[in-house]
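Read the structure below first, then the notes.
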Amino acid sequence: MFEPLRGVTSHRLSNGLRVFLREDRRWPLVSVQAWVGVGSVHEVESEAGLAHVLEHMVFKGTAGHEAVALSRLVEAKGGALNAETSKEYTHYYIDLPSSRPSARQQAGAGLAIHLMAELLCRASLEDGEWRKERPVILEEMKRRHDDAETMAWELLQEAIYADCAHARPVIGTPETVSSFSTETVRRFYKVHYTAAQTLVVLAGDFTSREALRWIEEEFQSMPRTAGFQARPETDLHVEPQRLRLQKPVRQAYAVYGFPTPPAVHPDQEALDLLAVLLGDGRNARLVHHVREEKKLVWSIGASNITQEGPGIFAIYAEFDAAKGLRAAGAVEDVLRGLKKNPPKDAEIRRAKNLTQTSWLQGYETFHNQAATIGAYALENHLDRLKQYLLKVLSLDRRELEGVIDRYFSAGLASAVVEP
Amino acid sequence: MDNGLKVLYQRDPAFPLASATLLLGVGSRHETPAQAGLCSMTIDLLMQGTRRRTARELADAMESVGASMGTQVHEDYSEMGFLAPAADLDRAFNVMAEALMQPAFPKEEIIKEKAHVLAGLASRRDSIFNVAYDALNRAMYGDHAYGRLVEGTLKTVRRFRRQDFQAWHRKCAGPGHAILSIIGPQSPREAKKILEKRLGHWRRPFTNVPSPNVLPPAGGRRGDICVRSNFEQAYLMIGYPAPCATDPDHIPLKVLNTVVGGGMSSRLFSVLREEAGLAYEVSSFYPTRLETSQWVIYLGLPKEKLSIASRRLGELLKQLADRGPAADEVRQAKAMVRGAFLMDRQSHRRQAWYQAWWEFLGRGTDYDEKFLEEVDAVTPKQLCDLLRRILAQPRVTVKVIPK
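Protein sequence lines, in the order shown, are assigned to chains A and B.
Quick note: to get the working numbering, add 28 to the position in the first sequence (first position is 1).
Quick note: to get the working numbering, add 37 to the position in the second sequence (first position is 1).
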């Protein structure tokens, strides 16, 4: 049986930093990842984009290493490092060969732990570097504007959330990002990059005792907390919004969706399973009805996105813009139809089996193992991960019908980018 | 097997899934210009109905047990692969065999498939990278298959009829030029029994590898192309002719490509993004091809920085060619090629693919280790010479400029 937490140990350092270790010697590789519990929802309006700016800036030099040296140290070992900022957290990762046994700074895990601590606790955040990085981020913004699919997803956030913290894009606006001073960036780092808000996950080839000692030494200077601001309450639109954005595109790109409860809610597994039932594979309901039978879209899928705050159950589709209204109607019909025509046993079995295969496959790489453990630990429900597949496989028709009743009759918000 | 099908099997008793990749040595390179996209559509249609089952029934046979099957066509080859619960290996091969041997090419599925391909072609123009890359390929390769999309063109795709797919299938889906690579928990004997039963009778009257429609080889073309667009960003992409997969320079160029564009401490990233702040996205790539390949460098940037970026890029390459890469840089690039290879091989799906791929390139099944040795043997001097030779060739430059 699939045991995602097999061999995982959890630890808490004296400053509050949480650590999860999963030793696995199958490959001479290790993935070292960290999450800081700060994202765009922790910004006030004038700070829009600041968490993301900070994610860029920590790579621009630390107390111990100049900008290029940070990546060079990892890449010289044959590894890769990167980061991503979301609404609720910032995620850093270093994947590299484990190079054991050798001296600590030579060992893959030792080096990656050291560099991770440099990024998270000892970033220099210098004036000159921010001047050089600002145009790079403004360019990243333009690149996003040129990507219709990304824009449709961003528009859906606006359509679902009424408060600006959740509705606005993680990357901010040209105005806010241009207005930040180095001092603004430093203050945000000091307030949010604290041990109580951070967790570190390792998966792969290393020795737990050794790694834990290294983490303690490297992260001990990280302050416990510095007056962390609570995340603002999420505010949803009472009436679902239908938004459209006109762009010079050849096809239409749409995302439809409705809000779902926070990640800890017990309905999440059923919503995950329904996303597979509706959108994964040739015979999924949406694919069959909207793409194969009605021929209204040429690509369609579904996804249940969870967050610490409210999540989104989303359906995305690409189609000929002339079919826009009919496509939206057909999607809505399939979702509404779930109540009158509840999932059949064969459909449920299909979705369960596909879920099982994709979990087994997805968990093959150390990177994905660490990323999954971190995502669950971050939302404080690691026990859910342990039971995840068992719970999905045990869902019966009645439970699914209950969930369909609770969520699938509400109105659908929509976001369409079209010519 | 007796019918000429080459089978590679690797046992992993600990893994509860089985993964298979079938490589067919036929791709868009074997099409005439008027057939552009025929190979891709034929292969896609194999799963859309057979003499015994409809598309929905075929999908159901796989999806109901949690398995998935996919196809993909490239310039030099085509692939069909699946991932299935280990216990369903026989079921998956049953579907694969039926798709390969008895496709029905139903009329209604052809109509749907055409619509999807045409929509896909239209949507390419919504991506600035694709707009630049498609223009670069047209300029570099002209009428050669490498110069167009594997999916074909609006004109050719609209014209295909059912008999075109049938004819292409008769000519090209044979065991004689196919390689099947499998990873699963079964014993080799068990696996062999399943294969004999399902694919043992796969035969074709002509099992010779069809010869590609070789047009004047690529290279020798130069050009400066300017595309006016509606994007906010501008884009700069340059391409040089590059060694094919069997050329002794193939592995050295993989390393050189990493020195120039791989990772955050590469020349391109550190000079154009970190030092000069000219671009967010800056990278390079070198596809593995059976004929003259290409080495491509690209960046997304503001329109007003196009000329300075173009100059800085030229200087960067010239300086690297004059002085050669440092020993440290080459050591690092080699470590990165090795590291990326190790990381990629963590998944069974990729392992099965690599086995088939090495065999397709004629490298043998034990090439994994040899590949790493060949990477290790690359020297800075070799890279310096190689870069000079590449830069001495004509190059194509594409600029995408917002209106």
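A virtual CB, placed ideally from N, CA and C, is assigned to each residue, including glycine.
So residue i and residue j are in contact, right, with Cβ under 8 Å, and what is the actual spacing, rounded?
{"i": "G67 of chain A", "j": "T204 of chain A", "result": "With a Cβ gap of about 15 Å, G67 of chain A and T204 of chain A do not count as contacting."}
{"i": "K355 of chain B", "j": "V415 of chain B", "result": "With 8 Å as the limit, K355 of chain B and V415 of chain B do not qualify as a contact, their Cβ atoms being about 22 Å apart."}
{"i": "P278 of chain B", "j": "Q419 of chain B", "result": "18 Å between Cβ atoms; not a contact."}
{"i": "H385 of chain B", "j": "D127 of chain B", "result": "Actually they are not in contact, since the Cβ atoms of H385 of chain B and D127 of chain B sit about 18 Å apart, beyond 8 Å."}
{"i": "S321 of chain B", "j": "V96 of chain A", "result": "With a Cβ gap of about 18 Å, S321 of chain B and V96 of chain A do not count as contacting."}
{"i": "R310 of chain A", "j": "A92 of chain B", "result": "7 Å"}
{"i": "V444 of chain A", "j": "A280 of chain A", "result": "6 Å"}
Pull up the distance between the alpha-carbon of residue i and that of residue j, whole angstroms please.
{"i": "S67 of chain B", "j": "A172 of chain B", "result": "The identity of residue 67 of chain B in the sequence shown is His, whereas the question assumes Ser. Near 22 Å, if we compare the C-alpha coordinates of A172 of chain B and H67 of chain B."}
{"i": "G64 of chain B", "j": "Y183 of chain B", "result": "11 Å"}
{"i": "L305 of chain A", "j": "A403 of chain A", "result": "23 Å"}
{"i": "A210 of chain B", "j": "R240 of chain B", "result": "9 Å"}
{"i": "R360 of chain B", "j": "L350 of chain B", "result": "16 Å"}
{"i": "P70 of chain B", "j": "H181 of chain B", "result": "8 Å"}
{"i": "M38 of chain B", "j": "H214 of chain B", "result": "12 Å"}
{"i": "V213 of chain A", "j": "E154 of chain A", "result": "10 Å"}
{"i": "V64 of chain A", "j": "N408 of chain A", "result": "14 Å"}
{"i": "P212 of chain B", "j": "E406 of chain B", "result": "28 Å"}
{"i": "N43 of chain A", "j": "A303 of chain A", "result": "40 Å"}
{"i": "A152 of chain B", "j": "L232 of chain B", "result": "35 Å"}
{"i": "A298 of chain A", "j": "H119 of chain A", "result": "27 Å"}
{"i": "T244 of chain B", "j": "M138 of chain B", "result": "Residue placement at T244 of chain B is poorly supported in this model, since its pLDDT is 47, which falls under 50; the coordinates are not used for a value here."}
{"i": "R259 of chain B", "j": "M177 of chain B", "result": "7 Å"}
{"i": "P251 of chain A", "j": "A330 of chain A", "result": "41 Å"}
{"i": "S266 of chain B", "j": "V435 of chain B", "result": "12 Å"}
{"i": "A140 of chain A", "j": "E244 of chain A", "result": "14 Å"}
{"i": "P140 of chain B", "j": "L83 of chain B", "result": "5 Å"}
{"i": "Q389 of chain A", "j": "W55 of chain A", "result": "16 Å"}
{"i": "V47 of chain A", "j": "D365 of chain B", "result": "34 Å"}
{"i": "P268 of chain A", "j": "T295 of chain B", "result": "48 Å"}
{"i": "A398 of chain A", "j": "E150 of chain B", "result": "39 Å"}
{"i": "L305 of chain B", "j": "M373 of chain B", "result": "16 Å"}
{"i": "H84 of chain A", "j": "E161 of chain A", "result": "8 Å"}
When DSSP builds the beta bridges, which residues end up paired with residue i?
{"i": "L109 of chain A", "result": "A:I122"}
{"i": "E211 of chain A", "result": "DSSP lists no partner for E211 of chain A."}
{"i": "S105 of chain B", "result": "B:L120"}
{"i": "E94 of chain A", "result": "A:G89"}
{"i": "I275 of chain B", "result": "B:I334, B:T434"}
{"i": "Q61 of chain A", "result": "A:Y121, A:V229"}
{"i": "Q383 of chain B", "result": "BP columns for Q383 of chain B are empty, so no partner."}
{"i": "A364 of chain B", "result": "Looking at the DSSP assignment, A364 of chain B forms no beta bridge with any residue, so it has no partner."}
{"i": "I219 of chain B", "result": "B:Y46, B:A57"}
{"i": "D261 of chain B", "result": "B:T434"}
{"i": "V47 of chain A", "result": "A:H39, A:V228"}
Between the Cα of residue i and those of the options, spot the shortest distance and give me the residue it belongs to.
{"i": "A187 of chain A", "options": "A:R278, A:A342, A:D233", "result": "A:A342"}
{"i": "D125 of chain B", "options": "B:L61, B:S164, B:L54, B:G107", "result": "B:L54"}
{"i": "L45 of chain A", "options": "A:A345, A:F247, A:R53", "result": "A:F247"}
{"i": "R171 of chain A", "options": "B:Q85, B:L155, B:L336, B:D381", "result": "B:L336"}
{"i": "L57 of chain A", "options": "A:T90, A:F48, A:S126, A:L143", "result": "A:S126"}
{"i": "L290 of chain B", "options": "B:M177, B:R175, B:P324", "result": "B:P324"}
{"i": "D113 of chain B", "options": "B:L120, B:L186, B:M138", "result": "B:L186"}
{"i": "R377 of chain A", "options": "B:K43, B:G41, B:V102", "result": "B:V102"}
{"i": "R434 of chain A", "options": "A:A195, A:H395, A:S422, A:K367", "result": "A:K367"}
{"i": "Y391 of chain B", "options": "B:G74, B:M106, B:I220", "result": "B:I220"}
{"i": "R313 of chain A", "options": "A:A358, A:Q335, A:V283", "result": "A:A358"}
{"i": "K115 of chain A", "options": "A:A193, A:R150, A:S59", "result": "A:A193"}
{"i": "R310 of chain B", "options": "A:G89, A:I165, A:A62", "result": "A:I165"}
{"i": "K7 of chain B", "options": "B:E188, B:Q72, B:G237, B:G107", "result": "With chain B running from 38 to 440 in the structure shown, residue 7 of chain B is simply not present."}
{"i": "F408 of chain B", "options": "B:E227, B:F378, B:A121", "result": "B:F378"}
Give the interface partners of residue i over in chain A, defined as CB-CB distance under 7 Å, in chain order.
{"i": "H153 of chain B", "result": "W326"}
{"i": "E311 of chain B", "result": "A95, V96"}
{"i": "P53 of chain B", "result": "L388"}
Along chain B, which residues have their Cβ under 9 Å away from the Cβ of residue i?
{"i": "H173 of chain A", "result": "F268, E269, Q270"}
If the cut is a Cβ gap below 9 Å, which residues of chain A does residue i touch?
{"i": "L398 of chain B", "result": "Those within 9 Å of L398 of chain B in chain A number zero; the least Cβ separation is about 23 Å."}
Residues of chain B with CB under 7 Å from residue i, in chain order?
{"i": "P125 of chain A", "result": "G376, L379"}
Residues of chain A with a CB under 8 Å from the CB of residue i: which are they?
{"i": "V102 of chain B", "result": "N381"}
{"i": "Q47 of chain B", "result": "By Cβ distance, chain A contributes nothing, its closest Cβ being about 15 Å from Q47 of chain B, past 8 Å."}
What does residue i reach in chain B if we use C-beta pairs closer than 8 Å?
{"i": "T393 of chain A", "result": "M380, Q383, S384"}
{"i": "T385 of chain A", "result": "L54, G103, A104, S105, L120, A121, P122"}
{"i": "K105 of chain A", "result": "A372, G376"}
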